[in-house]
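Residue numbers (the numbering used here): 553 to 1049.
Before any comments, here is the structure.
Below is the structure:
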């Protein structure tokens, strides 16, 4: 078994065990009027682990979990780790067909949810259910002792399914070591540990959401659950619990701005805000910094496969558009199409190497080999530029690049220009087929309530700031951009229009 010098393997149950012993009466999780101390969380996780093992599950088996942010999620994570089981998070917004695909592809033997299962599995425990499938009854009748199943820290703890922005989702196997290290380092970076209160805003079924919402539990802090996104509720929880840290995605910031909720709540306790999942436009980042004057604003970059890759700290906010420097224990490499390193200011594909990388794709060795190098680097699929000081700037997704009349166009460059126009709340740019040019630039725009913005206004604005091929040939207004549960724009849906 791979162990730390002190002898303890890094697992997702370690922090719960540690703080159940050292600070048992500290509140670990708050969900509305319900809460759990570390002592209670540890015992309930042990009971759930015993209940699953008693129902025939064995170490390495997969347990599907379809839940929103609620008190039970952290205990399910800890229980799976205690029993040596692999967690399969499922998004609550997925369709029946999408859920069935994940259950079948993952080979899940158990399903934990607050809804009826959408596909047959051997073991079902329903939160809020009754009878033999009742989650609470299973805990009540289970042994309270920790099973302490031997777990190697390089064993998978989670099987995440990619957001599928380009096609069928792939199963990403992530180890205990990778996820637990990210939890501890996140707690250190963003203040999620002892005597700190954090808001669980992002859904825990998402890779980043699970790390950032579970990290407080690993590090001895308190996490307050936001069941679903609502700017009023988020700020009310921050005010009530004097929360200090919150992980958000740009969509959250957009709705906070348009809702006016900050005028009705005291958010002065929030001293750390950190963003991920999609680019945080410069104008929106400026608004966040002004609206939360007591908070340091971080912008990080990563993926399900690579974990956290870079972080732009508040001290570096003047580097507009940068996602920062490589994160702890992370190396990055920027290369041209031939695989040769490029210099500062030159575009290239970003690769990273760190302890946070995935173990690989489930049952897809070809896809795993296609995105990794022999010396252990993994591609991001993103085109970036590094400056002389090593700061990383995302140009765009490699697969999203538009080629019009032989000119390579980065959608993000056009999006940044559109997003700076007064009254634009959100935007996305894609390439549509064009007989003459191969592809043409198409823009999809969401405007702020009451804003008078026309397509002609936006085209003229772009024409003043961009070369001809980059100017949108069409502008369509939408009430909202299509996004997945992680907040990423589903550009395939825009391309299909």
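All residues carry an ideal CB built from backbone N, CA and C; glycine is no exception.
Subject >> Option nearest residue 786 by Cα separation, candidates 683, 885, 674 and 807 >> reply: Within the chain shown, residue 786 is the residue found at index 234, counting from 1. Taking only the C-alpha atoms, the option nearest residue 786 is 807.
Subject >> Where the alpha helix (DSSP H) containing residue 841 begins and where it ends >> reply: One-based indexing of the chain shown puts residue 841 at position 289. Taken as a continuous stretch (DSSP letters only), the alpha helix (DSSP H) holding residue 841 covers 834-843.
Original post:
At which residues does the beta strand (DSSP E) containing residue 575 begin and terminate?
Top reply: As a position in the chain shown, residue 575 is number 23, starting the count at 1. Counted as a single uninterrupted DSSP element, the stretch harbouring residue 575 is not any beta strand (DSSP E), since DSSP gives it neither H nor E.
**OP:** Could you tell me which uninterrupted beta strand (DSSP E) segments, each at least 3 residues in length, are contained entirely in the region 597-637, listed from first to last along the chain?
**Re:** 614-618, all fully within the region 597-637.
Original post:
If we ignore side chains and look at the alpha-carbon of each, how far apart do residue 738 and residue 888 end up?
Top reply: The sequence position of residue 738 within the chain shown is 186, counting from 1. The sequence position of residue 888 within the chain shown is 336, counting from 1. If you take the alpha carbons of residue 738 and residue 888, they lie about 31 angstroms apart.
Original post:
What is the DSSP secondary structure of residue 642, reduced to helix, strand or coil?
Top reply: On the chain shown, residue 642 is found 90 positions in, with the first residue counted as 1. Coil at residue 642, not helix or strand.
**OP:** Give every residue of the same chain whose Cβ lies closer than 7 angstroms to the Cβ of residue 718, excluding the five residues on either side of it in the sequence, and list them in chain order.
**Re:** The sequence position of residue 718 within the chain shown is 166, counting from 1. Caution is warranted here: a pLDDT of 49 is assigned to residue 718, below 50, making its placement in the model unreliable, and the coordinate value is therefore given only provisionally. Counting only Cβ-Cβ distances below 7 angstroms, and skipping sequence neighbours, we find 951 and 1044.
**OP:** Could you say which of 627, 793, 788 and 836 lies nearest to residue 810 if we only look at CA atoms?
**Re:** Reading the chain shown from its first residue, position 258 is the one you call residue 810. Looking at the Cα atoms, 836 is the closest of the given residues.
Subject >> Where residue 668 falls, given that 16 or more other Cβ within 10 Å makes a residue buried >> reply: Residue 668 sits at position 116 when you count from the first residue of the chain shown. Answer is exposed; the Cβ neighbour count stays below 16.
Original post:
Does DSSP put residue 885 in a helix, in a strand, or in coil?
Top reply: Along the chain shown, one-based indexing puts residue 885 at 333. In the structure shown, the three-state DSSP call for residue 885 is strand.
Original post:
Out of curiosity, what's the CA-to-CA distance linking residue 631 and residue 720?
Top reply: As a working note, residue 631 is residue 79 in the chain shown. As a working note, residue 720 is residue 168 in the chain shown. One C-alpha to the other measures close to 29 angstroms.
**OP:** Within its chain, find whatever has a CB closer than 8 angstroms to the CB of residue 734; leave out the 5 residues flanking it on each side and keep chain order.
**Re:** Taking the first residue of the chain shown as position 1, residue 734 is located at position 182. Cβ contact annotation for residue 734 (same chain, cutoff 8 angstroms, sequence separation greater than five): 763, 767, 859, 860 and 908, in chain order.
**OP:** Enumerate in chain order the residues of its own chain whose CB-to-CB distance from residue 1010 is below 8 angstroms, with the five nearest sequence positions on each side excluded.
**Re:** Your numbering for residue 1010 matches position 458 in the chain shown. Exclusion of the five residues before and after residue 1010 leaves 970, 973, 976, 995, 997, 1024 and 1027 as the residues of its chain whose Cβ lies within less than 8 angstroms of its Cβ.
Original post:
How many Å lie between residue 812 and residue 848 at the Cα?
Top reply: Numbered from 1 along the chain shown, position 260 holds the residue referred to as residue 812. Numbered from 1 along the chain shown, position 296 holds the residue referred to as residue 848. The alpha-carbon atoms of residue 812 and residue 848 are separated by roughly 21 angstroms.
Subject >> Bridge partners - residue 710, DSSP secondary structure assignment >> reply: Taking the chain shown and counting its residues from 1, the one referred to as residue 710 is at position 158. Answer is 639 and 726.
Original post:
Any contact of the region 694-705 with the region 887-907, i.e. 3+ C-beta pairs under 8 angstroms?
Top reply: The region 887-907 and the region 694-705 do not touch, with fewer than three beta-carbon pairs separated by less than 8 angstroms.
**OP:** Can you grab the Cα-Cα spacing for the pair residue 979 / residue 803, in whole Å?
**Re:** One-based indexing of the chain shown puts residue 979 at position 427. One-based indexing of the chain shown puts residue 803 at position 251. Distance between the alpha carbons of residue 979 and residue 803 is about 11 angstroms.
Subject >> From 610, 713 and 592, residue whose alpha carbon lies closest to that of residue 914 >> reply: Here residue 914 refers to the residue found at position 362 when the chain shown is read from its first residue. Measuring from the Cα of residue 914, the nearest candidate turns out to be 713.
**OP:** Please classify residue 754: is it buried, with 16 or more other beta-carbons within 10 angstroms of its beta-carbon, or exposed?
**Re:** Locating residue 754 in the chain shown gives position 202, where the first residue counts as 1. Around the C-beta of residue 754, 16 or more other C-beta atoms lie within 10 Å, and the residue is accordingly described as buried.
**OP:** Would you please state the rounded distance, in angstroms, between the beta carbons of residue 567 and residue 771? I believe it to be under 8 angstroms.
**Re:** Here residue 567 is taken as the residue at index 15 of the chain shown, counted from 1. Here residue 771 is taken as the residue at index 219 of the chain shown, counted from 1. The beta-carbon distance between residue 567 and residue 771, rounded to whole angstroms, is 6 angstroms. This is short enough to meet the 8 angstroms contact definition.
**OP:** Check whether the Cβ atoms of residue 711 and residue 640 sit closer than 7 angstroms, and answer yes or no.
**Re:** Numbered from 1 along the chain shown, position 159 holds the residue referred to as residue 711. Numbered from 1 along the chain shown, position 88 holds the residue referred to as residue 640. Taking 7 angstroms as the Cβ cut-off, residue 711 and residue 640 qualify as a contacting pair.
Original post:
Around the C-beta of residue 1016, are 16 or more other C-beta atoms found within 10 angstroms, so that it is buried, or is it exposed?
Top reply: One-based indexing of the chain shown puts residue 1016 at position 464. Looking at its Cβ environment, which holds fewer than 16 other Cβ atoms inside 10 Å, residue 1016 is exposed.
Subject >> Reduced DSSP category for residue 979 - H, G, I as helix; E, B as strand; rest coil >> reply: On the chain shown, position 427 is the one that residue 979 refers to. If DSSP states are grouped into helix, strand and coil, residue 979 belongs with the strands.
Original post:
If you drop the 5 nearest sequence neighbours on each side, which residues of the same chain put their C-beta closer than 7 angstroms to that of residue 686?
Top reply: Taking the first residue of the chain shown as position 1, residue 686 is located at position 134. Only 678 meet the Cβ criterion.
Subject >> Identity of the residues DSSP links to residue 550 by a beta bridge >> reply: Examination of residue 550 is not possible in this model, given that the chain is present from 553 through 1049 alone.
**OP:** Count the other C-beta atoms from every protein chain shown that fall within 10 angstroms of the C-beta of residue 863, then say buried if there are 16 or more, exposed otherwise.
**Re:** Along the chain shown, one-based indexing puts residue 863 at 311. Looking at its Cβ environment, which holds 16 or more other Cβ atoms inside 10 Å, residue 863 is buried.
Subject >> Whole-number beta carbon distance between residue 777 and residue 752, since they are thought to touch under 8 angstroms >> reply: Reading the chain shown from its first residue, position 200 is the one you call residue 752. Reading the chain shown from its first residue, position 225 is the one you call residue 777. At roughly 5 angstroms, the Cβ-Cβ gap stays under 8 angstroms, so residue 752 and residue 777 are in contact.
Original post:
If we call anything under 7 angstroms between Cβ atoms a contact, is residue 866 one with residue 957?
Top reply: The residue labelled residue 866 in the question sits at position 314 within the chain shown. The residue labelled residue 957 in the question sits at position 405 within the chain shown. Against a cut-off of 7 angstroms, the Cβ pair of residue 957 and residue 866 comes out as no contact.
Original post:
With 16 as the cutoff for other CB atoms within 10 Å, does residue 747 come out buried or exposed?
Top reply: Position 195 of the chain shown, counted from the start, is the residue given in the question as residue 747. Classification for residue 747: exposed.
Subject >> Which of helix, strand or coil DSSP assigns to residue 678 >> reply: In the chain shown, residue 678 corresponds to position 126, counting from 1. Note: residue 678 maps to strand in three-state DSSP.
Subject >> Length of the line joining the Cα atoms of residue 992 and residue 626 >> reply: Residue mapping note: residue 992 aligns to position 440 of the chain shown, counting from 1. Residue mapping note: residue 626 aligns to position 74 of the chain shown, counting from 1. So the two alpha carbons sit approximately 47 angstroms from each other.
**OP:** Give a yes or no on whether the C-beta atoms belonging to residue 905 and residue 883 are separated by under 7 angstroms.
**Re:** For this step, residue 905 is matched to residue 353 along the chain shown. For this step, residue 883 is matched to residue 331 along the chain shown. Contact: yes.
**OP:** Within 10 angstroms of the Cβ of residue 820, are there 16 or more other Cβ atoms? Answer buried if so, exposed if not.
**Re:** By 1-based counting over the chain shown, the position of residue 820 is 268. Result: exposed.
Original post:
Could you check where the beta strand (DSSP E) with residue 945 kicks off and where it finishes?
Top reply: Within the chain shown, the letter at position 393 stands for residue 945. First-last of the beta strand (DSSP E) with residue 945: 944-949.
Original post:
What do you get for residue 926, buried or exposed, if any count of 16 or more other CB atoms within 10 angstroms of its CB means buried?
Top reply: Here residue 926 refers to the residue found at position 374 of the chain shown. If you draw a 10 Å sphere on the C-beta of residue 926, you find fewer than 16 other C-beta atoms in it, and that means exposed.
Subject >> Own chain partners of residue 1000 with C-beta closer than 7 angstroms, once the 5 adjacent residues on each side are dropped >> reply: The residue you call residue 1000 lines up with position 448 of the chain shown. 810, 975 and 977, listed in sequence order.
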